[in-house]
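A.B. asks: Got a structure for you, questions after.
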Amino acid sequence: MKTLLSLFAKPICTIVGITILVVLTACSAEDDSNVTDIQQVQDKTESVPDVQQTQSEPVVPDNSQTTEVELPSFDDYEGYIKIISEIPSFEPYYQTAFDFEGLPDGITSVPLEEVKAMYAEMKTVFDYVLLSEYPLFHRGFYEGETSFVDGYEQYQTTLANIGFPNPINAVSRDWDGNEYLSTPLKTILLGESIFNRFDNSIETGRNLLMSDFTLASPNDPISVVLGHAYKDIYELGDIFSLELISEVMDFQVVGFYKSGVGFSKDLAALEHVNFDYNIVMPHFIPDYEPVGEAAVYQHAFHIAELTSGYISIPESVEKINDETYDQIVAVLEEMAKRYNLSGLYRIGYWPMGFVW
Numbered sequence: 563m564k565t566l567l568s569l570f571a572k573p574i575c576t577i578v579g580i581t582i583l584v585v586l587t588a589c590s591a592e593d594d595s596n597v598t599d600i601q602q603v604q605d606k607t608e609s610v611p612d613v614q615q616t617q618s619e620p621v622v623p624d625n626s627q628t629t630e631v632e633l634p635s636f637d638d639y640e641g642y643i644k645i646i647s648e649i650p651s652f653e654p655y656y657q658t659a660f661d662f663e664g665l666p667d668g669i670t671s672v673p674l675e676e677v678k679a680m681y682a683e684m685k686t687v688f689d690y691v692l693l694s695e696y697p698l699f700h701r702g703f704y705e706g707e708t709s710f711v712d713g714y715e716q717y718q719t720t721l722a723n724i725g726f727p728n729p730i731n732a733v734s735r736d737w738d739g740n741e742y743l744s745t746p747l748k749t750i751l752l753g754e755s756i757f758n759r760f761d762n763s764i765e766t767g768r769n770l771l772m773s774d775f776t777l778a779s780p781n782d783p784i785s786v787v788l789g790h791a792y793k794d795i796y797e798l799g800d801i802f803s804l805e806l807i808s809e810v811m812d813f814q815v816v817g818f819y820k821s822g823v824g825f826s827k828d829l830a831a832l833e834h835v836n837f838d839y840n841i842v843m844p845h846f847i848p849d850y851e852p853v854g855e856a857a858v859y860q861h862a863f864h865i866a867e868l869t870s871g872y873i874s875i876p877e878s879v880e881k882i883n884d885e886t887y888d889q890i891v892a893v894l895e896e897m898a899k900r901y902n903l904s905g906l907y908r909i910g911y912w913p914m915g916f917v918w
């Protein structure tokens, strides 16, 4: 059986690792240094030399890009709680992650029906937010603006200096070992409980609908709402093809967001996500049987990630304590046990959060 690392010479192989790493390093209230050390990391991939690329101009960060603010210093968990309690409109959440490393036979052994059933119950029992940022990939030589490329700002400012290759036009291999050029594009996947927060943020077209969250066939186009900067590239109704996880899928433009739409999230809600250069898609549930290795892999990963999200903490920030955490963990663990998914979930101890 092919493995994740041998199949993909591109950042997809770090999606699993980053998700687990961030949650696991945050799981202990005693190891305070872990929180301030969390950084975004990209997989080292073989890339086309920079001289072959047209996107060599420096990136100047602006309000249209995802930005991170430095976390104020604090001595311990109580200090962190004090910081987030003073953030206006901060909504605290515990972050969950599906533990792919706990699977006995790799990602393709994800128990699909059990995970879908658990996801349905999580939405009922918890105030559960499903939101992901794993990119869609352009196949072929990319000549577009670098502002649309996921991870390019980090590459220019930091990663290039420590030997990481340019994410633009990186050489990847498909399931048959054939090489192709691949470029990650900024993408946000929204769950069913959160997409309607942006109903009033549409400039033209429409927002996502509940019907967009089920995909009846792999040949059906996936509805997407594009950030404002895409208005000069696409029109309503346009269909384009991109690689989701391991298969190329079709996507249809149903709307465009107004300029400047976004939110803040994660540790102390310090990461601001702006939709302007993003593709926003539903975290849909595929309602078809996958055919072929690439489809089976994509099916398994995408469905497992339904349960990697954020569980709302019902208490106000200043009242969050060990009992708060233990109660939510106990409910999640009991739920996983009933679906024969014990040991496949991690939940971070340090509250993450959103400011909408």
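Numbering (my numbering), first residue to last: 563 to 918. Quick reminder that beta carbons are idealized off the backbone N, C-alpha and C, glycines included. Computed from a predicted model, the values in this text were never measured in an experiment.
(1) Do three or more CB pairs link the segment 718-731 to the segment 676-689 at distances below 8 Å?
(2) Identify every residue that forms a DSSP beta bridge with G910.
(3) For Q716, is the classification buried or exposed, using 16 other Cβ atoms within 10 angstroms of its Cβ as the cut-off for buried?
(4) So is N740 buried or exposed if we call it buried at 16+ other beta carbons inside 10 Å?
(5) Following the continuous beta strand (DSSP E) through T658, name the residue where it begins and the one where it ends.
(6) Please say whether S826 and H834 have beta carbons closer to each other than 8 Å?
(7) What did DSSP end up calling Y887 once you bin it into helix, strand or coil?
(8) May I ask which residues mark the beginning and end of the beta strand (DSSP E) holding V687?
(9) Which parts of the segment 810-877 are runs of the beta strand (DSSP E), unbroken and 3 residues or longer, counting only runs that do not cross its ends?
(10) Using a 10 Å radius around the Cβ and a threshold of 16 neighbouring Cβ atoms, would you call L771 buried or exposed?
(11) Could you say if the segment 864-881 and the segment 647-654 meet the contact criterion of at least three C-beta pairs nearer than 8 Å?
(12) Using only CA atoms, which one of P666, L743, Y690, I669 lies nearest to F703?
(13) Beta carbon of I873, beta carbon of F660: below 8 Å?
(14) According to DSSP, what are the bridge partners of S785?
(15) For the beta strand (DSSP E) containing I669, list its first residue and its last residue.
(16) Does the distance from the C-beta atom of G767 to that of F818 stay below 8 Å?
(17) Going along the chain, which residues of its own chain have a beta-carbon closer than 6 Å to the beta-carbon of D667, five neighbours each way excluded?
(18) Determine the extent of the alpha helix (DSSP H) in which E923 is found, giving its start and end residues.
(19) Please identify the residue among N758, Y714, L693, D774 whose C-alpha is closest to the C-alpha of P848.
(20) Looking at F846: is its Cβ nearer than 8 Å to the Cβ of T749?
(21) Could you give the distance in angstroms between the alpha-carbon of Y792 and the alpha-carbon of R701?
(22) Tell me which residues share the same chain as S904 and place their Cβ nearer than 6 Å to its Cβ, disregarding the 5 neighbours each side in the sequence.
(23) Around the Cβ of Q718, are there at least 16 other Cβ atoms within 10 angstroms (buried) or fewer (exposed)?
(24) Among Y690, L698, V893, R759, which one has its Cα closest to the Cα of Y655?
(25) Measure the alpha-carbon distance for A504 versus D800 and round it to whole angstroms.
(26) Measure the C-alpha to C-alpha separation of V917 and N781 and round it to an integer number of angstroms.
(27) Which residues mark the beginning and the end of the alpha helix (DSSP H) in which E765 is found?
(28) Would W912 be called buried (16 or more neighbouring beta carbons within 10 Å of its own) or exposed?
(29) Taking the alpha-carbon of D888 as reference, which of S870, R908, T869, N902 has the nearest alpha-carbon?
(30) Which residue wins for smallest C-alpha separation from A778, given the options I643, L788, P852?
(31) Bridge partners for F703 per DSSP, in chain order?
(32) Thinking C-beta only, is L798 closer than 8 Å to F699?
(33) In chain order, what residues of the same chain lie with their CB nearer than 7 Å to the CB of P746, ignoring the 5 residues before and after it?
(34) I'd like the span of the alpha helix (DSSP H) that includes I750, first residue to last.
(35) Where do the ends of the alpha helix (DSSP H) carrying S647 lie?
(36) Decide if P634 is buried, meaning its Cβ has at least 16 other Cβ atoms within 10 Å, or exposed.
C.D. replies: Result, derived from the coordinates:
(1) no
(2) Mapped onto the sequence shown, residue 910 falls at position 348. In the DSSP assignment, G910 is bridged to no other residue.
(3) Reading the sequence shown from its first residue, position 154 is the one you call residue 716. Label assigned to Q716: buried.
(4) Within the sequence shown, residue 740 is the residue found at index 178, counting from 1. Classification of N740: exposed, given that the 10 Å Cβ count is below 16.
(5) Numbered from 1 along the sequence shown, position 96 holds the residue referred to as residue 658. Unbroken beta strand (DSSP E) run through T658: 653-660.
(6) The residue given as residue 834 occupies position 272 in the sequence shown. The residue given as residue 826 occupies position 264 in the sequence shown. Remark: C-beta atoms of H834 and S826 approach each other more closely than 8 Å.
(7) Stepping through the sequence shown from its first residue, residue 887 is reached at position 325. Three-state DSSP puts Y887 in a helix.
(8) By one-based count along the sequence shown, residue 687 stands at place 125. That residue, V687, is in no beta strand (DSSP E); its alpha helix (DSSP H) goes 674-687.
(9) 810-819, 824-829, 833-836, 841-844, 872-874
(10) Stepping through the sequence shown from its first residue, residue 771 is reached at position 209. So L771 ends up on the exposed side.
(11) yes
(12) As a position in the sequence shown, residue 703 is number 141, starting the count at 1. Of the listed residues, the one whose Cα sits closest to F703 is L743.
(13) Mapped onto the sequence shown, residue 873 falls at position 311. Mapped onto the sequence shown, residue 660 falls at position 98. Not closer than 8 Å, so no.
(14) As a working note, residue 785 is residue 223 in the sequence shown. For S785, which the question treats as bridged, DSSP gives the partners Q814.
(15) Walking along the sequence shown from the start, residue 669 turns up at place 107. Where I669 is concerned, there is no enclosing beta strand (DSSP E), given that its DSSP letter is neither H nor E.
(16) As a position in the sequence shown, residue 767 is number 205, starting the count at 1. As a position in the sequence shown, residue 818 is number 256, starting the count at 1. Yes. Within cutoff.
(17) Residue numbering aside, residue 667 sits at position 105 when the sequence shown is read from its first letter. Excluding sequence neighbours, D667 sits near nothing in its chain.
(18) With the chain covering only 563 through 918, there is no way to say anything about residue 923.
(19) The residue labelled residue 848 in the question sits at position 286 within the sequence shown. It is D774.
(20) Here residue 846 refers to the residue found at position 284 when the sequence shown is read from its first residue. Here residue 749 refers to the residue found at position 187 when the sequence shown is read from its first residue. No.
(21) Along the sequence shown, read from residue 1 onward, the residue named residue 792 stands at position 230. Along the sequence shown, read from residue 1 onward, the residue named residue 701 stands at position 139. Those two C-alpha atoms are separated by around 18 Å.
(22) Within the sequence shown, numbered from 1, the residue matching residue 904 stands at position 342. Within the same chain, S904 has close Cβ partners A898.
(23) In the sequence shown, the residue the question calls residue 718 occupies position 156. The residue in question, Q718, is buried, as its Cβ has 16 or more Cβ neighbours within 10 Å.
(24) Position 93 of the sequence shown, counted from the start, is the residue given in the question as residue 655. Nearest option by C-alpha distance: Y690.
(25) This structure cannot settle anything about residue 504, because the visible part of the chain is limited to 563 through 918.
(26) Counting from one through the sequence shown, the residue named residue 917 turns up at place 355. Counting from one through the sequence shown, the residue named residue 781 turns up at place 219. Each residue's Cα considered, the two are about 36 Å apart.
(27) For the purposes of this step, residue 765 is identified with residue 203 of the sequence shown, where counting begins at 1. Not the alpha helix (DSSP H): E765 falls in the beta strand (DSSP E), residues 764-767.
(28) Against the sequence shown, residue 912 aligns to sequence position 350. When all chains shown are included, W912 counts as buried.
(29) For the purposes of this step, residue 888 is identified with residue 326 of the sequence shown, where counting begins at 1. Residue R908 is the option with its Cα nearest to D888.
(30) Position 216 of the sequence shown, counted from the start, is the residue given in the question as residue 778. When each option's Cα is compared against that of A778, the closest is P852.
(31) As a working note, residue 703 is residue 141 in the sequence shown. Paired residues: none, contrary to the question.
(32) As a first step, residue 699 is located in the sequence shown; it is residue number 137 there, counting from the start. As a first step, residue 798 is located in the sequence shown; it is residue number 236 there, counting from the start. It is not a contact, given that the beta carbons lie outside the stated cut-off.
(33) Locating residue 746 in the sequence shown gives position 184, where the first residue counts as 1. If we look at P746 and ignore the five residues flanking it on each side, its Cβ neighbours are P573, P697, F699, V711, D712, G713, P729.
(34) Locating residue 750 in the sequence shown gives position 188, where the first residue counts as 1. For I750, there is no enclosing alpha helix (DSSP H); the enclosing beta strand (DSSP E) covers residues 749-752.
(35) As a first step, residue 647 must be located in the sequence shown, where it is residue number 85. Note, S647: alpha helix (DSSP H), 639-647.
(36) Counted from its first residue, the sequence shown places residue 634 at position 72. Classification of P634: exposed, given that the 10 Å Cβ count is below 16.
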